[in-house]
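Notes to accompany the following structure.
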């Protein structure tokens, strides 16, 4: 039987649980993950019943998201503007519905405590990697300046530091020569900071879309 259209149930409550409604919304996304606001929008747009009493059913759906192991909360990537994290289905929960039907759920999906702890640890590490770095101010007195530009400061004048003398013992001969420190304002190259690329949680992405069947 094909998926129900937008006007199938009219103002009547559709026969889907909050878990089924959320799974339906997530599977409708090309990336198989959605922020909470888009899940709300999908449900209310497809089923007119949920266009009223929005606060009540949205609170219930949010409770189901937080307390069911079949849903995984993924931090938002820095290159995707917006608020809130993404929600997706746990890869091991893809066969939770019998014969792909959202009306028939075999049993409640439950993770082992060890698996749940490992998942939370990976998501926490992912959130730390994707946390944007603090932006530098428009003027940094310690930042290097281009060649040929002399920075003047009445309190800290530029002083050429003397080259340190080296002793000629064995230890000093085999060790590399220390690099003399530059005075402030004499650097010709801007300081660069390596930033790792954002980690994409590919292992949380479900396999290609399989349309759900209803009975």
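Numbering (full-length UniProt numbering), first residue to last: 1 to 215. Beta carbons: idealized from backbone N, C-alpha and C, even for Gly.
Inside the UniProt domain "Fork-head" (13-107), DSSP marks whole beta strand (DSSP E) runs of 3 or more residues at positions 71-74 and 86-89, from first to last along the chain.
By the Cβ-count criterion, residue 20 is buried, with 16 or more other Cβ atoms from all chains shown falling within 10 Å of its own Cβ. Annotation for residue 47: 9 and 14 place their beta carbon closer than 7 Å to its own, counting only its chain and skipping 5 residues before and after.
Beyond the five residues adjoining it in sequence on each side, residue 60 comes within less than 8 Å, by CB distance, of 18 in the same chain, given in chain order. Between residue 35 and residue 85, the C-beta spacing is below 8 Å.
Apart from sequence neighbours up to five positions away, the residues of its chain that approach residue 50 with a beta-carbon distance below 7 Å are 43, 44 and 57, ordered along the chain. Taking the Cα of residue 93 as reference, the smallest distance to any Cα among 16, 40 and 26 is reached at 26. In chain order, 70 and 72 place their CB closer than 6 Å to the CB of residue 90, counting only its own chain and leaving out the 5 sequence neighbours on each side. Under the 10 Å beta carbon count, residue 88 is surrounded by 16 or more other beta carbons and is classified as buried.
Judged by beta-carbon spacing, residue 33 lies within the 8 Å limit of residue 74, meaning their Cβ atoms are closer than that value.
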